[in-house]
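What follows is a short report on a single structure.
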Amino acid sequence: MSRNDFDMERLDALLAGFAAQEPLPGLAVGIVAADGVFTRGYGVRDAGTGEPVDEHTLFHLASVSKPLVATAVMQLAEQGRLNLDAPASDYVPYFKLADGREREATIRDLLSHTSGMPDEDDFQWDRPEDDEGSLERYIRGLAARSLDRNPGEEHAYSNIGFELLGDVIAKVSGMSFEAYMQEHVLRPAGMEESTFLLAEVPSAQLAAPHILGAPEGRYGPQKSLVFPYHRAHGPSSTLYMNAVDSCRLMLAYLKPEQAAEGKRLLEEGSQGEMWTTRADIGYGDWMDGIALGWFTGSYRGRRAVSHTGQDTGFRSYLVLLPEAGFGVTLMMNDDYVGLKVLMKGILDLLLGEGTGEVQRNLAHHLTGIALSGGIDAAWEEYQKILDEGLERYAVSADDFKYIAQPLEENGYAGEALKALELGRRLSSPKTS
Numbered sequence: 041m042s043r044n045d046f047d048m049e050r051l052d053a054l055l056a057g058f059a060a061q062e063p064l065p066g067l068a069v070g071i072v073a074a075d076g077v078f079t080r081g082y083g084v085r086d087a088g089t090g091e092p093v094d095e096h097t098l099f100h101l102a103s104v105s106k107p108l109v110a111t112a113v114m115q116l117a118e119q120g121r122l123n124l125d126a127p128a129s130d131y132v133p134y135f136k137l138a139d140g141r142e143r144e145a146t147i148r149d150l151l152s153h154t155s156g157m158p159d160e161d162d163f164q165w166d167r168p169e170d171d172e173g174s175l176e177r178y179i180r181g182l183a184a185r186s187l188d189r190n191p192g193e194e195h196a197y198s199n200i201g202f203e204l205l206g207d208v209i210a211k212v213s214g215m216s217f218e219a220y221m222q223e224h225v226l227r228p229a230g231m232e233e234s235t236f237l238l239a240e241v242p243s244a245q246l247a248a249p250h251i252l253g254a255p256e257g258r259y260g261p262q263k264s265l266v267f268p269y270h271r272a273h274g275p276s277s278t279l280y281m282n283a284v285d286s287c288r289l290m291l292a293y294l295k296p297e298q299a300a301e302g303k304r305l306l307e308e309g310s311q312g313e314m315w316t317t318r319a320d321i322g323y324g325d326w327m328d329g330i331a332l333g334w335f336t337g338s339y340r341g342r343r344a345v346s347h348t349g350q351d352t353g354f355r356s357y358l359v360l361l362p363e364a365g366f367g368v369t370l371m372m373n374d375d376y377v378g379l380k381v382l383m384k385g386i387l388d389l390l391l392g393e394g395t396g397e398v399q400r401n402l403a404h405h406l407t408g409i410a411l412s413g414g415i416d417a418a419w420e421e422y423q424k425i426l427d428e429g430l431e432r433y434a435v436s437a438d439d440f441k442y443i444a445q446p447l448e449e450n451g452y453a454g455e456a457l458k459a460l461e462l463g464r465r466l467s468s469p470k471t472s
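In case it helps, the numbering used here puts the sequence shown at residues 41 to 472.
In structure tokens:
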């Protein structure tokens with residue numbers, strides 16, 4: 041916990057305010073700053089039971105798994121056990137593609153999502169496998185797939201590429217993917233409660249996934265019947281981590297002398313190479329470029345490296361400002377509330393440039409009113425907000441569409457139509 045009481049109080053107020061104003065179940069945060077660390081949980085880990093989130097609650101981190109996989113690959117490269125500029129098939133000879141181009145993409149291409157590999161559109165969360173052979177079977181099954189584009193020419197995100205990297209780690213090390221990650225990444229970083237294996241997560245610590253619902257007009261979190269786990273997708277998606285361990289991980293990158301074993305996960309040169317931009321992608325802020333398993337960019341003039349994650353029922357966010365020595369990890373057990381505005385609010389406070397407030401999502405706020413009290417009630421609330429000023433709200437014309445889509449997918453077609461109707465009314469107020 042930070043020793044700076046003023047900062048701690050402002051951080052806590054900012055986070056508690058966000059958790060209260062958005063329709064989310066639970067949230068956990070880990071922060072590494074100049075004067076210490078801050079860990080805390082907010083809300084509930086299961087909307088059905090009301091059990092609270094704390095700093096030890098384990099969340100599914102989704103694609104925030106990928107920076108750790110990149111770290112493992114760089115470790116093996118440091119040891120001379122693999123060559124970043126060699127094709128994956130040098131280490132996984134049964135990896136084949138239908139077009140015969142499996143030797144064209146290198147390990148470096150896979151790490152930077154410039155391999156030309158397709159992405160996965162069905163993670164089979166509803167048909168999970170948990171045996172050790174699952175990953176190799178998945179890689180062998182890629183023989184029916186082909187490259188989407190020429191390797192090295194263009195950034196195109198590929199979860200499949202990271203499953204392949206996970207199998208490379210397994211075959212080069214002679215260990216299962218998860219065992220290597222435990223022994224050479226998680227344990228050295230002091231992450232005593234983290235794992236890539238769902239079977240190792242104590243049920244009393246696990247956050248439940250939540251999707252967007254509106255049972256009986258109650259807009260907000262609904263526990264998902266599907267948990268996002270399949271062992272074949274461990275490398276791309278299945279890190280389980282809590283706020284305490286997130287700080288240990290960030291310290292291992294930012295301040296290795298303060299890490300659990302007092303040593304680096306990677307040599308300084310390897311970490312620098314891992315964080316060197318390979319392609320510009322233009323997503324803004326800390327996601328303007330792609331490096332090796334990390335996004336790169338800047339925030340308020342300071343270099344940043346990052347990753348985000350989203351799977352069924354979960355979202356996550358990791359941002360490091362290496363020169364400033366700051367790091368923030370956000371973990372949430374729903375998949376429909378955006379975290380970028382919260383990340384900016386936290387970083388601004390750490391950098392001494394924040395107001396201590398986070399804008400409320402206008403679309404979520406008004407949709408909740410529309411579903412419980414009708415569109416006219418939501419319209420009246422909107423008029424009040426206009427009179428008071430929109431500055432306290434995050435406003436995007438597309439937000440109602442992003443709300444309607446999951447509502448419809450989750451069985452609330454009528455509620456989805458209401459959200460779209462409300463969005464149209466707000467975008468054309470003169471016709472209302």
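Quick reminder that beta carbons are idealized off the backbone N, C-alpha and C, glycines included. Since this is a predicted model, take the numbers as computed values, not measurements.
{"query": "Pair within 8 Å by beta-carbon distance, P268 and T352", "result": "yes"}
{"query": "Best match in V208, R50, H100 and V77 for proximity to L67 [C-alpha to C-alpha]", "result": "H100"}
{"query": "Given 8 Å, three or more beta-carbon pairs between the segment 265-284 and the segment 170-187", "result": "yes"}
{"query": "Boundaries (first-last residue) of the beta strand (DSSP E) holding S286", "result": "Where S286 is concerned, there is no enclosing beta strand (DSSP E), although the alpha helix (DSSP H) it sits in stretches over A283 to L294."}
{"query": "Distance between Q119 and I209 (C-alpha atoms, nearest Å)", "result": "13 Å"}
{"query": "For D149, the three-state DSSP class (helix, strand or coil)", "result": "helix"}
{"query": "Proximity winner among P296, L279 and L411, relative to Y259 (alpha-carbon distances)", "result": "L411"}
{"query": "Limits of the unbroken beta strand (DSSP E) element including P261", "result": "G260 to K263"}
{"query": "G394 versus H405: straight-line alpha-carbon distance, rounded", "result": "23 Å"}
{"query": "Residue nearest to S105 in terms of C-alpha spacing, selected from G329, Q222 and D125", "result": "Q222"}
{"query": "Cβ-based neighbour list, D171, same chain, cut-off 8 Å, excluding 5 preceding and 5 following", "result": "R271"}
{"query": "According to DSSP, residues forming a beta bridge with V381", "result": "Per DSSP, none; premise fails for V381."}
{"query": "Inter-stretch contact (C-beta, 8 Å, three-pair minimum) for the segment 120-130 and the segment 141-149", "result": "yes"}
{"query": "Within the segment 344-406, ranges of the beta strand (DSSP E) (whole runs, at least 3 residues)", "result": "354-361 and 366-372"}
{"query": "Opposing strand residues paired with Y339 [DSSP bridges]", "result": "R342"}
{"query": "G413 - partner residues in DSSP beta bridges", "result": "G413 pairs with nothing; no bridge assigned."}
{"query": "Helix, strand or coil at V84 [DSSP, three-state]", "result": "strand"}
{"query": "Y197 versus P168: straight-line alpha-carbon distance, rounded", "result": "23 Å"}
{"query": "Cβ-Cβ separation, Y376 to P446 (assumed contact under 8 Å), whole Å", "result": "6 Å"}
{"query": "Cβ-Cβ distance between R185 and L137 below 8 Å", "result": "yes"}
{"query": "Buried/exposed call for S213, threshold 16 Cβ in 10 Å", "result": "buried"}
{"query": "S276 versus Y452: straight-line alpha-carbon distance, rounded", "result": "30 Å"}
{"query": "Where the beta strand (DSSP E) through A68 begins and ends", "result": "G66 to A73"}
{"query": "Unbroken beta strand (DSSP E) run spanning G253, endpoints", "result": "H250 to G253"}
{"query": "Under the three-state DSSP convention, the category D159 falls into", "result": "coil"}
{"query": "Straight-line Cα distance separating G156 from D75", "result": "43 Å"}
{"query": "Three-state secondary structure (DSSP) of I330", "result": "strand"}
{"query": "Pair within 8 Å by beta-carbon distance, S346 and V359", "result": "yes"}
{"query": "For F217, the first and last residue of its enclosing alpha helix (DSSP H)", "result": "F217 to M221"}
{"query": "Three-state secondary structure (DSSP) of T111", "result": "helix"}
{"query": "Limits of the unbroken alpha helix (DSSP H) element including K132", "result": "First, the amino acid is wrong: residue 132 is Val here, not Lys. Premise fails: V132 is in no alpha helix (DSSP H) and is neither H nor E."}
{"query": "CB of I200 within 8 Å of CB of E232, strictly", "result": "no"}
{"query": "Under the three-state DSSP convention, the category A183 falls into", "result": "helix"}
{"query": "Of the residues H195, G463 and P133, the one placed nearest I321, counting alpha carbons only", "result": "H195"}
{"query": "Simplified DSSP state of L246, which is helix, strand or coil", "result": "strand"}
{"query": "Nonlocal neighbours in the same chain, by C-beta distance under 7 Å from G365, ignoring five residues either side", "result": "A74, L294 and K295"}
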